[in-house]
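Everything on this sheet refers to the single structure shown next.
2 protein chains.
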Amino acid sequence: MDIVEELLQGNRLALSKAITAIENEYDEATEIMTKLYPHTGNAYVLGITGPPGAGKSTLTDKIAKEYRNQGKTVGIIAVDPTSPFTGGAILGDRIRMNGLTMDEGVFIRSMGTRGSLGGLSHKTADAVKAMDAFGKDIIIVETVGVGQSEVDIVKAADTTMVVLIPGMGDDIQAIKAGILEIGDLFTINKSDLPGADKLVREINMMLDLDSFMTDWRPPIQKVVANQGEGIPELLGNVQKHRDYITEKGILAERRTKRAKDEMLDILNSNLSRYIKSKIVDTGRLDNYVEQFQQHQTDPYTVVGDVMREMLK
Amino acid sequence: MDIVEELLQGNRLALSKAITAIENEYDEATEIMTKLYPHTGNAYVLGITGPPGAGKSTLTDKIAKEYRNQGKTVGIIAVDPTSPFTGGAILGDRIRMNGLTMDEGVFIRSMGTRGSLGGLSHKTADAVKAMDAFGKDIIIVETVGVGQSEVDIVKAADTTMVVLIPGMGDDIQAIKAGILEIGDLFTINKSDLPGADKLVREINMMLDLDSFMTDWRPPIQKVVANQGEGIPELLGNVQKHRDYITEKGILAERRTKRAKDEMLDILNSNLSRYIKSKIVDTGRLDNYVEQFQQHQTDPYTVVGDVMREMLK
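Residue numbers (this note's numbering), protein chains in the order written: chain H, 20 to 331; chain Y, 20 to 331.
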């Protein structure tokens, strides 16, 4: 029986293999995704992002457990920060997932950047689809940071939760500017620390100033994840946001937008691979660069020539 | 007289216009770059990166002034962090550049992300070339942060300086992992604050453990930029690194590697524009997504079809 059939029948090992194929860009990945695609669209995707040290892993675990208590199955994709050069994902904190890993209703997968962040958002989106086709009700995509790459990853989410903690100092200002518009929900973790209320006030002020504000005002929820405080309320907020965007047609809009971005993303990455096979692997790039250095031609002229040569 | 001729004759307004054309992807940008290309390769490019709040702007100003004291002309490209959605670059701290802006030997330009970080590294590289062709001896590319995007930007540099400050707490650990391999020089700014020596020891420990270490051990220099302390020593270290990589042939290797990356970058972004004109602007993408949603086809199949249609 093939991997896709096994996956669709609920075989966890098949799901794991499918995501490995996606992650490593194995040849069969495209075939797998093509077959899985018709079975997607049923899961609800929750994105969780925030700066390092905000306690996102613990929070993700608690949220997952709470969904399990509600009888829902959960998939977790933990996108890990990586040195762009060494390719080693920092998976250490996943070890904290003690109880969860024993629960058959939860599937946890870490994904590292392996030096290609561009590819990561596309791979994360495909991993979400694999878990969706597998039958998970809720898929949590957890990612560190709030830069452009993390924002791209979070685009795979239906609802995005931004996690902050008190006492991050002035650097938080720079972070806040970028997250204001991606956060559907704000969670203040470690809210037993001093400064939690100040942070709530600051976020409220930013929201007051936000000219993009729709009818939905992102709720700001204080939690203490490692003690489980505030978790049921968080799930309530996720549900409220889900109801809101469903009712207003925003969920459908977001998913349409996402489908477009994904299609362009797949097309771009396939073209990049094609270019690599034609220009890099053949040694042509080396020759071009030699010619640049001898000022015989320049990259702009060569790109024009190559485009005319490759495209119909 | 055209903009390129004017630029090559030292007209600052022409340089400014050329960079604006690059930044906004005006049609003439490619022609400008084609003409400028043969005049590039003479400037030395210093990259300065580090987390927000490390005092990079002040440091950049002081370094630029010191180079001016040595009789060298300087170009500064300050790459600013931006909210990926609003597109507003945070240029505020550039206002601090009081003395410098009056100096004809210094050309300062801020570049924002405007929602396309991928394009930013390519645009920064082109702005560097414009300043290079203009005749600047030293070009400083200053960028905030140490994520993948900033690393891409720093790739335009011959020597990369990583700026850190004492007392950044544990979060600095995550940052350090990524910067270890891009830093040719480490600068501890605000080194009159407590913890400077501890930070030096920590970086030294990381360098001791670094299995990628070459003959070049990155020097760690303590400075207090706003008081001008340690700046001449910094320039001495830059010169030592420049001598080292020149002598060992590493500079030539880096520039060859950079020329290859740039050519692929230009090719990729031209192809993206081509795709947009064929698939997005024509409304085909909208039709595809409708078909996906009705499960009539899937993005992987469509991408295959489109590739066959577009490529020779």
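Using N, Cα and C, we set each Cβ at its ideal position, and we do this for glycine too. Quantities reported herein were computed from a predicted structural model and do not represent experimental measurements.
CB contact check: LEU226 of chain H to chain Y, cutoff 7 angstroms: Locating residue 226 of chain H in the first sequence gives position 207, counting from the first residue. Not one beta carbon of chain Y lies nearer than 7 angstroms to the beta carbon of LEU226 of chain H.
For MET180 of chain Y, name the three-state secondary structure that DSSP assigns. Within the second sequence, numbered from 1, the residue matching residue 180 of chain Y stands at position 161. Under the three-state reduction of DSSP output, MET180 of chain Y falls in the strand class.
Whole-angstrom distance between LEU55 of chain Y and GLU266 of chain Y, CA atom to CA atom: Counted from its first residue, the second sequence places residue 266 of chain Y at position 247. Counted from its first residue, the second sequence places residue 55 of chain Y at position 36. Taking the straight line from one Cα to the other gives about 28 angstroms.
Report the residue from H:MET224, H:ASP300 and H:LYS142 whose alpha carbon sits nearest the alpha carbon of THR49 of chain H. Sequence index remark: in the first sequence, residue 49 of chain H carries index 30 (1-based). Among H:MET224, H:ASP300 and H:LYS142, the Cα nearest to that of THR49 of chain H is on H:LYS142.
Could you tell me which whole beta strand (DSSP E) segments of length 3 or greater appear in the stretch 52–89 of chain H? Whole beta strand (DSSP E) segments, 3+ residues: 63–69.
Using a Cβ cut-off of 8 angstroms, pull out every chain H residue sitting near VAL308 of chain Y, in sequence order please. In the second sequence, residue 308 of chain Y corresponds to position 289, counting from 1. For VAL308 of chain Y, the residues of chain H that pass the 8 angstroms Cβ criterion are THR275, ALA278, LYS279 and MET282, in the order they occur in the chain.
Checking the sheet assignment: what are the DSSP bridge partners for PHE126 of chain Y? The sequence position of residue 126 of chain Y within the second sequence is 107, counting from 1. Paired residue(s): Y:GLY94.
Can you pull the chain Y neighbours of LEU253 of chain H, defined as C-beta to C-beta under 8 angstroms? On the first sequence, residue 253 of chain H is found 234 positions in, with the first residue counted as 1. Under the 8 angstroms cutoff, chain Y gives no residues; its nearest Cβ is about 24 angstroms from LEU253 of chain H.
Would you check if the distance between the CB atom of ALA149 of chain Y and the CB atom of ILE96 of chain Y is smaller than 7 angstroms? The residue labelled residue 149 of chain Y in the question sits at position 130 within the second sequence. The residue labelled residue 96 of chain Y in the question sits at position 77 within the second sequence. Contact annotation: ALA149 of chain Y and ILE96 of chain Y have beta-carbon atoms that are not nearer than 7 angstroms.
For PHE311 of chain H, return the contacting residues in chain Y, with the cut-off set at a CB-CB distance below 8 angstroms. If you number the first sequence from 1, residue 311 of chain H lands on position 292. Residues of chain Y passing the Cβ test: TYR56, ALA278 and MET282.
Under 8 angstroms from the C-beta of HIS141 of chain H: neighbouring residues of chain Y: Position 122 of the first sequence, counted from the start, is the residue given in the question as residue 141 of chain H. Within chain Y, no residue comes near HIS141 of chain H; the closest Cβ sits about 10 angstroms away, beyond 8 angstroms.
8 angstroms Cβ shell around ASP227 of chain Y - same chain, five flanking residues per side excluded: For the purposes of this step, residue 227 of chain Y is taken as the residue at position 208 of the second sequence. No residues qualify anywhere along the chain.
So LEU304 of chain Y and LYS75 of chain H are supposed to be a Cβ contact under 8 angstroms. How far apart are they, rounded? Working through the second sequence from its first residue, we reach residue 304 of chain Y at position 285. Working through the first sequence from its first residue, we reach residue 75 of chain H at position 56. Rounded, the Cβ-Cβ distance is 33 angstroms, inconsistent with contact.
Coil, strand or helix - GLY106 of chain Y by DSSP: Along the second sequence, one-based indexing puts residue 106 of chain Y at 87. Bear in mind that a pLDDT of 30 at GLY106 of chain Y, under 50, signals an unreliable position, so the model cannot answer this.
What do you get for GLY69 of chain H, buried or exposed, if any count of 16 or more other CB atoms within 10 angstroms of its CB means buried? For the purposes of this step, residue 69 of chain H is taken as residue 50 along the first sequence, with counting starting at 1. Residue environment: GLY69 of chain H is assigned as buried (16 or more neighbouring CB atoms within 10 Å of its CB, all protein chains considered).
Do ILE51 of chain H and VAL93 of chain H count as a contact pair if the criterion is CB distance below 7 angstroms? Your numbering for residue 93 of chain H matches position 74 in the first sequence. Your numbering for residue 51 of chain H matches position 32 in the first sequence. Contact flag unset, no.
Determine the direct distance from the alpha carbon of GLN28 of chain Y to that of LEU183 of chain H, and round the result to whole angstroms. Start at 1 with the first residue of the first sequence, and residue 183 of chain H comes out as number 164. Start at 1 with the first residue of the second sequence, and residue 28 of chain Y comes out as number 9. Spanning the two alpha carbons is a distance of roughly 52 angstroms.
Using beta carbons (cut-off 7 angstroms, strictly below), is ASP317 of chain H in contact with chain Y? The residue you call residue 317 of chain H lines up with position 298 of the first sequence. Yes, because at least one Cβ of chain Y sits closer than 7 angstroms to the Cβ of ASP317 of chain H.
Can you find a CB in chain H that lies within less than 7 angstroms of the CB of LEU286 of chain Y? What you label residue 286 of chain Y is simply residue 267 of the second sequence in a count that begins at 1. So yes, LEU286 of chain Y belongs to the interface.
Under 8 angstroms, with one C-beta from each stretch per pair, do the stretch 199–206 of chain H and the stretch 251–263 of chain H reach the 3-pair mark? For the pair of segments examined, the stretch 199–206 of chain H was found to touch the stretch 251–263 of chain H: the number of CB pairs separated by less than 8 angstroms reaches three.
Would you please state the rounded distance, in angstroms, between the beta carbons of MET282 of chain H and TYR307 of chain Y? I believe it to be under 8 angstroms. As a position in the first sequence, residue 282 of chain H is number 263, starting the count at 1. As a position in the second sequence, residue 307 of chain Y is number 288, starting the count at 1. That belief holds up - the Cβ atoms of MET282 of chain H and TYR307 of chain Y are roughly 6 angstroms apart, short of 8 angstroms.
The beta strand (DSSP E) with ILE239 of chain H in it runs from where to where? Working through the first sequence from its first residue, we reach residue 239 of chain H at position 220. Run containing ILE239 of chain H: 239–241, per the beta strand (DSSP E) assignment.
Got a sec: which bits of the stretch 318–330 of chain Y sit with their beta carbon under 7 angstroms from any beta carbon on chain H, in order along the chain? For the stretch 318–330 of chain Y, which is checked against every Cβ of chain H, the residues closer than 7 angstroms are PRO318, TYR319, THR320, VAL321, VAL322, VAL325, MET326, MET329 and LEU330.
Can you tell me which residues form a DSSP beta bridge with VAL308 of chain Y? The sequence position of residue 308 of chain Y within the second sequence is 289, counting from 1. DSSP lists no partner for VAL308 of chain Y.
For chain Y, is any of its Cβ atoms less than 7 angstroms away from the one on THR179 of chain H? Here the question's residue 179 of chain H lines up with position 160 in the first sequence. Under the Cβ distance rule, THR179 of chain H does not count among the residues neighbouring chain Y, no pair being separated by less than 7 angstroms.
Give me the Cα-Cα distance between THR79 of chain Y and ILE159 of chain Y, rounded to the nearest whole angstrom. Numbered from 1 along the second sequence, position 60 holds the residue referred to as residue 79 of chain Y. Numbered from 1 along the second sequence, position 140 holds the residue referred to as residue 159 of chain Y. In this structure, the straight-line span from the alpha carbon of THR79 of chain Y to that of ILE159 of chain Y is close to 8 angstroms.
Contact list for TYR293 of chain Y against chain H, beta-carbon separation under 8 angstroms: The count along the second sequence starts at 1 and reaches residue 293 of chain Y at position 274. For TYR293 of chain Y, the C-beta contacts it makes with chain H under 8 angstroms involve MET326 and LEU330, in order along the chain.
Do the CB positions of LYS81 of chain Y and GLY247 of chain Y come within less than 7 angstroms of each other? As a first step, residue 81 of chain Y must be located in the second sequence, where it is residue number 62. As a first step, residue 247 of chain Y must be located in the second sequence, where it is residue number 228. Remark: C-beta atoms of LYS81 of chain Y and GLY247 of chain Y approach each other more closely than 7 angstroms.
Rounded to whole angstroms, what's the CA-CA distance from VAL242 of chain H to ALA73 of chain H? Just pull it up for me. Within the first sequence, numbered from 1, the residue matching residue 242 of chain H stands at position 223. Within the first sequence, numbered from 1, the residue matching residue 73 of chain H stands at position 54. About 11 angstroms.
How big is the Cα-Cα spacing for LYS331 of chain Y and GLY323 of chain H? On the second sequence, position 312 is the one that residue 331 of chain Y refers to. On the first sequence, position 304 is the one that residue 323 of chain H refers to. Between the alpha carbons of LYS331 of chain Y and GLY323 of chain H lies a gap of roughly 15 angstroms.
With 7 angstroms as the limit, tell me which residues of the stretch 28–52 of chain Y have their beta carbon closer than that to any beta carbon of chain H; keep them in chain order. Against chain H - using a Cβ distance shorter than 7 angstroms - the residues of the stretch 28–52 of chain Y are THR49 and MET52.
Where do the N-terminal and C-terminal ends of the alpha helix (DSSP H) with GLU328 of chain Y fall, by residue? Residue numbering aside, residue 328 of chain Y sits at position 309 when the second sequence is read from its first letter. Counting along the chain, GLU328 of chain Y sits inside the alpha helix (DSSP H) bounded by residues 318–329.
If I measure Cβ to Cβ from GLU25 of chain H and keep anything under 7 angstroms in the same chain, skipping five residues before and after, which residues do I get? Indexing the first sequence from 1 puts residue 25 of chain H at position 6. When the five nearest sequence neighbours on each side are left out, the beta carbons in the same chain lying within less than 7 angstroms of the beta carbon of GLU25 of chain H are those of ALA33, in order along the chain.
Which residue's Cα is closest to the Cα of TYR263 of chain Y: Y:THR301, Y:GLU328, Y:GLY249 and Y:ASP177? Numbered from 1 along the second sequence, position 244 holds the residue referred to as residue 263 of chain Y. Here the closest residue by C-alpha is Y:ASP177.
Boundaries of the beta strand (DSSP E) in which THR206 of chain Y is found, first to last residue: For this step, residue 206 of chain Y is matched to residue 187 along the second sequence. Per DSSP, THR206 of chain Y belongs to the beta strand (DSSP E) from 204–207.
Should GLN240 of chain Y and GLY249 of chain Y be called a contact, given that it needs their Cβ atoms to be closer than 7 angstroms? Against the second sequence, residue 240 of chain Y aligns to sequence position 221. Against the second sequence, residue 249 of chain Y aligns to sequence position 230. Result yes, Cβ atoms of GLN240 of chain Y and GLY249 of chain Y sit closer than 7 angstroms.
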